[in-house]
Amino acid sequence: MALRAVSMDSQPAPAKPPAEILPMPTPKRPSRLVAKLGEAALETLGVVVPPLVTLGVILIVWETLAVNMPAGLPAPSMIWTDSRQLILHPFFDNGGVDKGLFWHALTSLKRVAIGFSLAAVVGIALGVLVGSSRLAHRGLDPIFQVLRTVPPLAWLPISLAALHQANPSALFVIFITAIWPVIINTAVGVRNVPEDYRNVGRVLRLSPIGYFFKILLPAATPYIFTGLRIGVGMSWLAIVASEMLLGGVGVGFFIWDQYNASRISDIIVALVWVGLVGFALDRFVALIGRIVSRGASAG
Amino acid sequence: MSKAYLSIENVGVTFKGRGVVSEVLRGVELQVEKGEFVSIIGHSGCGKSTLLNLVAGLLPVSTGAVIVDKVAVEQPGPDRAVVFQNHSLLPWLSVYENVRLGVDQVFKGTRSRAERHDWTLHNLGLVQMTHAKDKRPSEISGGMKQRVGIARALAMEPKVLLLDEPFGALDALTRANLQDSVMEIHAKLGNTVLMITHDVDEAVLLSDRIVMMSNGPAATIGQVLKVDLPRPRRRLEVDMLPAYVAARHAVVAFLHERAPGVRVAAA
Numbered sequence: 088m089a090l091r092a093v094s095m096d097s098q099p100a101p102a103k104p105p106a107e108i109l110p111m112p113t114p115k116r117p118s119r120l121v122a123k124l125g126e127a128a129l130e131t132l133g134v135v136v137p138p139l140v141t142l143g144v145i146l147i148v149w150e151t152l153a154v155n156m157p158a159g160l161p162a163p164s165m166i167w168t169d170s171r172q173l174i175l176h177p178f179f180d181n182g183g184v185d186k187g188l189f190w191h192a193l194t195s196l197k198r199v200a201i202g203f204s205l206a207a208v209v210g211i212a213l214g215v216l217v218g219s220s221r222l223a224h225r226g227l228d229p230i231f232q233v234l235r236t237v238p239p240l241a242w243l244p245i246s247l248a249a250l251h252q253a254n255p256s257a258l259f260v261i262f263i264t265a266i267w268p269v270i271i272n273t274a275v276g277v278r279n280v281p282e283d284y285r286n287v288g289r290v291l292r293l294s295p296i297g298y299f300f301k302i303l304l305p306a307a308t309p310y311i312f313t314g315l316r317i318g319v320g321m322s323w324l325a326i327v328a329s330e331m332l333l334g335g336v337g338v339g340f341f342i343w344d345q346y347n348a349s350r351i352s353d354i355i356v357a358l359v360w361v362g363l364v365g366f367a368l369d370r371f372v373a374l375i376g377r378i379v380s381r382g383a384s385a386g
Numbered sequence: 102m103s104k105a106y107l108s109i110e111n112v113g114v115t116f117k118g119r120g121v122v123s124e125v126l127r128g129v130e131l132q133v134e135k136g137e138f139v140s141i142i143g144h145s146g147c148g149k150s151t152l153l154n155l156v157a158g159l160l161p162v163s164t165g166a167v168i169v170d171k172v173a174v175e176q177p178g179p180d181r182a183v184v185f186q187n188h189s190l191l192p193w194l195s196v197y198e199n200v201r202l203g204v205d206q207v208f209k210g211t212r213s214r215a216e217r218h219d220w221t222l223h224n225l226g227l228v229q230m231t232h233a234k235d236k237r238p239s240e241i242s243g244g245m246k247q248r249v250g251i252a253r254a255l256a257m258e259p260k261v262l263l264l265d266e267p268f269g270a271l272d273a274l275t276r277a278n279l280q281d282s283v284m285e286i287h288a289k290l291g292n293t294v295l296m297i298t299h300d301v302d303e304a305v306l307l308s309d310r311i312v313m314m315s316n317g318p319a320a321t322i323g324q325v326l327k328v329d330l331p332r333p334r335r336r337l338e339v340d341m342l343p344a345y346v347a348a349r350h351a352v353v354a355f356l357h358e359r360a361p362g363v364r365v366a367a368a
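Sequence lines, in order, name chains W and D.
Add 87 to the 1-based position in the first sequence for the numbering used here, that's all there is to it.
Add 101 to the 1-based position in the second sequence for the numbering used here, that's all there is to it.
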């Protein structure tokens, strides 16, 4: 990305006849399509350029600092030399744990998919219960409030002791980390169903099941997705941490493995992967939320 | 006593909460005939919305009873459909689906799928909203939303149609349009209508009788006025008639003299 932008910026620089380039920005009478395309391009540039500039500044500062302190972190240029193979070939597979980063990320994502799906289902169910029953709220909410503060890694020894196997333990840690924001936000959403919608349900004499599916669930959907979005972010945090301890294939273990091998450059490349995948996960859940709750928040 | 179609008999409402007991309504007595259009007018906070909610069944009476077609009201139901002040359309459903939800709920056992579809469209046609049937509430104007709200209520074939300040949130021109539509529909279908309003002209133009509420606490009916205007009423033809002017004057006089608005200090 950064490289492309740089080459775009430097395009006018070659010593070609400038007349060819000049007419492009604002022709006197642009056709409507061209004007629209130009506007869209400008808007995209406005969105894409600032973060690229930030990234560039970070890389430059990092580079200068690292070059002057050879004992510290490797400079970006150093990472490129050290880990070029890892960056350029995410798909290689030499068997065992010697795989490209794509495969590590995919394995971690599969774990997240399972653990998080369980958390979503159980979390929404519990959230609806806590949100709609005062008794359930009194009975469960204090427990939830205490349990949700337990850090993900603290659950790991407990789940290992209970389940004896690495993989289910990792899944449990994801599950237990992601479930709290889902429960809490769903409960808030259920409690905040507008009085007007409740009254509509009462006047229509909807059955409890009809009320649940036709009014309560759609009205709470924006809240539920807020919870799911926080939850998916937290489960991605948990997976990396838990894999570090569990071993095998996965981004978390990859980082731990490279740390033991003192390959800091590889770790930094893996961190970029972790960040980008986490970002994509968050956007993915947000997108589904937007599609599912089409206009549910607008009156 | 309960010969009338809708009968509100010696109704009182008392709210209790946190040790404070407040009596909102006391001894409300009102009979509404089938096909009659009755407005309830009063200052804000006089309990007129409470009264409507009692008929809707959304609130329980503390004393007395509300009887619709010889049956005491105990819970809300589609036979007393409400048009809410803020339309209360479900934003995740289209205009058609909002009306269809009510139709399905009421006629599931008695009408076929095709009949329910036709009935939904018929009611959207009554309020001239067929053109927007696939839009979502957020995509149409406030006046249109209220039209859909009316269609949803009408489609349930209620015994009593309850309008809770249905046009209060609309601008004057849109309001006039909707009032005309409601008059047309009332002329065509002969519904029994109970409408809450704080607009004197609206009450005079639309109603057969205007019920004026005294101020709370313990509000009750202060005066009932029969509006002696021939139907169909056309806005521009009736508003100069002596009967219209007299009715208007009587309501304004009641609101300002017999039940003057709550002083700022008390509000």
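In this text, a Cβ means the ideal position worked out from N, Cα and C, and glycines have one as well.
This structure is a prediction, so every number in the text was calculated from the model and none was measured.
Cβ shell of residue i (< 8 Å), same chain only, five flanking positions each side left out
i	result
M102/D	For M102/D, the predicted model reports a pLDDT of 48, less than 50, meaning its position is unreliable; a value from the coordinates is still stated below. The answer, listed in chain order, is S108 and E110.
V352/D	I142, V301, A304, V305, I311, M313 and L326
Residue from the options with nearest C-alpha to residue i
i	options	result
S308/D	V339/D, N316/D and T321/D	V339/D
G202/W	P239/W, S294/W, T131/W and V359/W	P239/W
L234/W	A207/W, L291/W, F262/W and A248/W	F262/W
Q232/W	R198/W, A257/W, T264/W and I311/W	T264/W
L263/D	G323/D, I251/D, G203/D and S163/D	I251/D
L374/W	R316/W, F341/W and G365/W	R316/W
A369/D	V125/D, G113/D, A354/D and E137/D	The requested residue 369/D does not occur in the structure, where chain D is confined to residues 102 to 368.
L290/D	L274/D, K135/D, M230/D and W193/D	K135/D
P177/D	V364/W, Q345/W, L293/W and G365/W	L293/W
I286/D	I241/D, S189/D, L202/D and Q229/D	Q229/D
P361/D	A348/D, Y345/D, G323/D and R336/D	G323/D
V207/D	P259/D, N316/D and L159/D	P259/D
L216/W	V287/W, V134/W and V269/W	V269/W
V199/W	G376/W, T168/W and S322/W	S322/W
Where the beta strand (DSSP E) through residue i begins and ends
i	result
L107/D	L107 to G118
M314/D	R310 to M314
R221/W	R221/W -> not in any beta strand (DSSP E); alpha helix (DSSP H) instead, spanning R221 to L234.
T231/D	No beta strand (DSSP E) holds T231/D; DSSP gives it neither H nor E.
F179/W	Unbroken run through F179/W: none, as it is neither H nor E.
Minimum Cβ-Cβ distance from residue i to chain D less than 8 Å
i	result
I302/W	yes
Y298/W	no
A92/W	Residue placement at A92/W cannot be trusted, given a pLDDT of 44 that sits under 50; what the coordinates show is reported in the next sentence. Not one chain D Cβ lies under 8 Å of A92/W.
V287/W	yes
L293/W	yes
P66/W	Any property of residue 66/W remains undetermined from this structure, which presents chain W solely from 88 to 386.
V290/W	yes
Closer than 8 Å to chain W by CB, residue i
i	result
Q206/D	yes
G178/D	yes
G203/D	yes
N111/D	no
L159/D	yes
V183/D	yes
L191/D	yes
N224/D	no
N292/D	no
Proximal residues to residue i (C-beta, below 7 Å), its chain only, five neighbours per side dropped
i	result
V237/W	none
T313/W	N272
S94/W	At S94/W the pLDDT is 45, less than 50, meaning the model places this residue with poor confidence and gives no usable figure here.
G339/W	S195, I326, V327, A328, S329, E330 and M331
A127/W	none
I174/W	V356
Enclosing alpha helix (DSSP H) for residue i [first to last residue]
i	result
S195/D	Unbroken run through S195/D: none, as it is neither H nor E.
D265/D	First-last for D265/D: V261 to D265, but that is the beta strand (DSSP E), not the alpha helix (DSSP H).
L330/D	Note, L330/D: premise wrong, no alpha helix (DSSP H); not H, not E.
E130/D	Where E130/D is concerned, there is no enclosing alpha helix (DSSP H), although the beta strand (DSSP E) it sits in stretches over V121 to V133.
F259/W	A253 to R278
I296/W	P295 to Y298
DSSP-derived helix/strand/coil call for residue i
i	result
Q324/D	strand
Q206/D	helix
L303/W	helix
K236/D	coil
T211/D	coil
M156/W	coil
M296/D	strand
A319/D	coil
L374/W	helix
G165/D	strand
K289/D	helix
beta-carbon residue i near the ligand PLP non-hydrogen atom, thresh 7 Å
i	result
F179/W	By its list of ligands, the structure shown contains no ligand whatsoever, and the ligand PLP lies outside what it can speak to.
Chain-order list of residues whose beta-carbon lies under 6 Å from that of residue i (same chain, five-residue window excluded)
i	result
S163/D	G113, V114 and T115
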